[in-house]
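S.K.:
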Amino acid sequence: MHPAYQRLFNPDLRFDRFNPLEPQPIGLLDKHLRTAITARKEPLPDHPLTFILTDCTAEEATKWVRQHPSSNSTFLYTTQDDAAVTSWLFAERRQQNRQWQHGVFMEVAGSGVLITGDSGIGKSELALELLSRGHRLIADDAPYFVRGHQGIEGHCPDNIKDLLEVRGLGIINVRSLFGDNALKPHKNLRLLIELYAADHKKIHADDRLRGERGQILICQEMIPLFRLPVAPGRNIAVFVETVVRQHNLERTGNDSVKPGRIPIM
140 MHPAYQRLFN PDLRFDRFNP LEPQPIGLLD KHLRTAITAR KEPLPDHPLT FILTDCTAEE
200 ATKWVRQHPS SNSTFLYTTQ DDAAVTSWLF AERRQQNRQW QHGVFMEVAG SGVLITGDSG
260 IGKSELALEL LSRGHRLIAD DAPYFVRGHQ GIEGHCPDNI KDLLEVRGLG IINVRSLFGD
320 NALKPHKNLR LLIELYAADH KKIHADDRLR GERGQILICQ EMIPLFRLPV APGRNIAVFV
380 ETVVRQHNLE RTGNDSVKPG RIPIM
C-alpha cells in the first residue's frame with residue numbers, strides 16, 4: 140500500500156486530535172495522496188467528513204472532486220502545503236480551546252501547580268517565597284490552559300511573560316531578579332491549591348487527617364484540588380511544598396493516610 144494512502148486512514152493521525160472542528164476529524168489530501176487514491180479507483184470513506192486538498196488550485200480541486208464524488212463529505216482546498224495546514228490546525232485548536240484561570244501557575248517540586256484564592260489572600264507573596272526556594276514561575280494572575288498530548292498544559296500570555304505583581308512591591312521582573320532558571324514557558328497542570336482564610340473551628344475531623352480535597356474541571360478534565368487554610372505565622376510555602384510532594388507520592392500509589400495506617404489513640 141502506498142505510504143501516503145495509509146496516512147489518510149490512520150486513526151492515530153496527529154491533527155485528528157487537534158482539529159478545530161472536533162468531534163469531526165479532518166483529512167488532509169496532498170498531491171501524492173490524491174494521486175494514490177485516483178490510481179486505486181476506490182471511493183472515499185465516509186469518515187472523515189471534511190477533506191482539505193493541500194497544495195491545490197481551484198481548478199485542480201474542482202476536477203478532482205468531480206472524479207471522487209461523496210454525498211456526505213465537505214471538500215476544501217488551499218495552495219498551502221501539508222505542513223502549513225497542519226500548523227494552522229494546531230494553532231486554531233489551541234486558540235479555540237484556551238481556558239483562562241485566575242491565579243499563579245508555578246512548577247513546584249517538578250509539578251505544575253495552580254495557586255488560587257481570593258484577592259489579597261497572598262498568592263503573589265507565596266509565589267515570591269516559592270521562587271526564593273528554587274521553584275519556577277510559569278504565569279502570574281492570568282495563565283491559560285489547553286489540552287495537549289500529555290494532559291492539560293498551562294501557558295503564560297505574552298504580555299505578562301516574566302512578570303509578577305506583588306502587593307507592596309508592584310510589578311517585578313522575575314527573569315531580571317532570579318535569572319532564567321526561575322521561569323518555565325509551560326507545564327502540565329497536576330494540582331490546584333486554593334488558599335483561604337483559616338477558621339479551625341469549621342474544619343471537619345476527616346479534613347484534619349487528609350486535608351480538604353476536591354476536584355475542579357479544567358479543559359474537560361478533572362484536576363485534583365487541595366484547599367489550604369492561611370493564618371498568621373504559618374509558613375505557607377512549606378505547606379505548599381509538602382502538599383505537592385504528598386500528591387506526587389499518591390500519584391505513584393504511596394498514600395500515607397490509607398485506612399488502617401492511622402494509629403488509634
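For the sequence shown, position 196 (counting from the first letter as 1) is numbered 335 according to the numbering used here, and the numbering increases by one without interruption. All C-beta atoms in this analysis are idealised placements derived from N, C-alpha and C, irrespective of residue type, glycine included.
#1: Whole beta strand (DSSP E) runs in the stretch 226-276 with 3 or more residues, listed along the chain?
#2: Quick check: Pro-357 and Gln-238, are their CB atoms within less than 7 Å of each other?
#3: Leaving aside the five residues before and after Leu-267 along the sequence, list all residues of the same chain whose C-beta is less than 6 Å from its C-beta, in chain order.
#4: Pro-208: buried (16+ other C-beta within 10 angstroms of its C-beta) or exposed?
#5: Mind checking who Gln-354 pairs with in its DSSP beta bridge?
#6: Judging by CA-CA distance, which residue of Leu-188, Thr-189, Asn-211, Leu-215 is the nearest neighbour of Thr-201?
#7: Check whether the stretch 271-282 and the stretch 313-323 touch, using three or more Cβ-Cβ pairs below 8 Å as the test.
#8: Would the beta-carbon of Ala-248 fall within 7 Å of that of Val-383?
#9: By a C-beta neighbour count over all protein chains shown, 10 Å radius and 16 as the cutoff for buried, is Ile-254 buried or exposed?
#10: Run the CB neighbour count on Val-377, radius 10 Å, all protein chains shown included, and call it buried at 16 or more, exposed below.
#11: Distance check for Trp-227 and Val-379, CA to CA, integer angstroms please.
#12: DSSP three-state call for Thr-177: helix, strand or coil?
#13: Output the distance between the C-alpha atoms of Asn-312 and Asp-338, rounded to the nearest integer angstrom.
#14: Can you tell me whether Gly-392 is buried or exposed? The criterion is at least 16 other CB atoms within 10 Å of its CB, across all chains shown.
#15: When the Cα of Gly-259 is compared with those of Gly-372, Ala-336, Ile-375, Thr-225, which residue comes out closest?
#16: List the residues that DSSP assigns as beta-bridge partners of His-325.
#17: So which of Pro-324, Leu-269, Ile-310 has the shortest CA-CA distance to Pro-296?
#18: Measure the Cβ-Cβ separation of Leu-328 and Val-369 and say whether it is below 7 Å.
#19: Anyone know if the C-beta pair for Asn-211 and Leu-192 falls short of 7 Å?
#20: Classify Gln-385 as buried or exposed, calling it buried when 16 or more other Cβ atoms lie within 10 Å of its own Cβ.
#21: Under a three-way DSSP split, which group does Glu-161 fall into?
#22: Which class does Leu-316 belong to by DSSP, given the choice of helix, strand or coil?
#23: By DSSP, does Ala-222 sit in helix, in strand, or in coil?
#24: Would you kindly check if the distance between the Cβ of Ile-332 and the Cβ of Leu-367 is under 7 Å?
#25: With a CB to CB cut of under 7 Å and the five nearest residues on each side skipped, what residues in its chain are close to Ser-263?
#26: Along the beta strand (DSSP E) that carries Arg-384, what are the first and last residues, could you check?
M.R.: In this structure, then:
#1: 242-247, 250-256
#2: Counting from 1 along the sequence shown, the entry for residue 357 is found at position 218. Counting from 1 along the sequence shown, the entry for residue 238 is found at position 99. The sequence shown places Ile at residue 357, rather than the Pro named in the question. Their beta carbons are under 7 Å apart, which means Ile-357 touches Gln-238 by this criterion.
#3: Residue mapping note: residue 267 aligns to position 128 of the sequence shown, counting from 1. Sequence-distant Cβ neighbours of Leu-267 in its own chain, meaning closer than 6 Å and more than five residues away, are Val-305.
#4: Position 69 of the sequence shown holds residue 208. The residue is exposed, with fewer than 16 neighbouring Cβ atoms inside 10 Å.
#5: Working through the sequence shown from its first residue, we reach residue 354 at position 215. Pro-363, per the DSSP bridge assignment.
#6: For the purposes of this step, residue 201 is taken as the residue at position 62 of the sequence shown. Measuring from the Cα of Thr-201, the nearest candidate turns out to be Leu-215.
#7: yes
#8: The residue you call residue 248 lines up with position 109 of the sequence shown. The residue you call residue 383 lines up with position 244 of the sequence shown. Pairing Ala-248 with Val-383 gives a Cβ-Cβ distance under 7 Å.
#9: The residue given as residue 254 occupies position 115 in the sequence shown. Ile-254 is buried by the Cβ-count criterion.
#10: The count along the sequence shown starts at 1 and reaches residue 377 at position 238. That one is exposed.
#11: Counting from one through the sequence shown, the residue named residue 379 turns up at place 240. Counting from one through the sequence shown, the residue named residue 227 turns up at place 88. Those two C-alpha atoms are separated by around 39 Å.
#12: Here residue 177 corresponds to residue number 38 of the sequence shown, with the count starting at 1. It is helical.
#13: Taking the sequence shown and counting its residues from 1, the one referred to as residue 312 is at position 173. Taking the sequence shown and counting its residues from 1, the one referred to as residue 338 is at position 199. Spanning the two alpha carbons is a distance of roughly 35 Å.
#14: One-based indexing of the sequence shown puts residue 392 at position 253. Label assigned to Gly-392: exposed.
#15: Numbered from 1 along the sequence shown, position 120 holds the residue referred to as residue 259. It is Ala-336.
#16: Taking the first residue of the sequence shown as 1, we reach residue 325 at position 186. Partner(s): His-294.
#17: Here the question's residue 296 lines up with position 157 in the sequence shown. Answer by Cα proximity: Pro-324.
#18: Taking the sequence shown and counting its residues from 1, one reaches residue 328 at position 189. Taking the sequence shown and counting its residues from 1, one reaches residue 369 at position 230. No.
#19: Within the sequence shown, residue 211 is the residue found at index 72, counting from 1. Within the sequence shown, residue 192 is the residue found at index 53, counting from 1. Asn-211 places its beta carbon 7 Å or farther from that of Leu-192.
#20: What you label residue 385 is simply residue 246 of the sequence shown in a count that begins at 1. That one is buried.
#21: By one-based count along the sequence shown, residue 161 stands at place 22. In this predicted model, Glu-161 has a pLDDT of only 49, less than 50, meaning its place in the structure is not dependable; the value taken from the coordinates is given anyway. Reduced to three states, the DSSP call for Glu-161 is coil.
#22: Counted from its first residue, the sequence shown places residue 316 at position 177. The answer is helix: DSSP assigns Leu-316 an H, G or I state.
#23: On the sequence shown, residue 222 is found 83 positions in, with the first residue counted as 1. Helix.
#24: The residue labelled residue 367 in the question sits at position 228 within the sequence shown. The residue labelled residue 332 in the question sits at position 193 within the sequence shown. Yes; because the gap between Cβ atoms is below 7 Å, this pair is in contact.
#25: Taking the first residue of the sequence shown as position 1, residue 263 is located at position 124. Closer than 7 Å at the Cβ level, and outside the excluded window around Ser-263, lie Val-243, Asp-279, Leu-303, Glu-304, Val-305, Arg-306.
#26: For the purposes of this step, residue 384 is taken as the residue at position 245 of the sequence shown. Taken as a continuous stretch (DSSP letters only), Arg-384 belongs to no beta strand (DSSP E), being part of the alpha helix (DSSP H) at 375-390.
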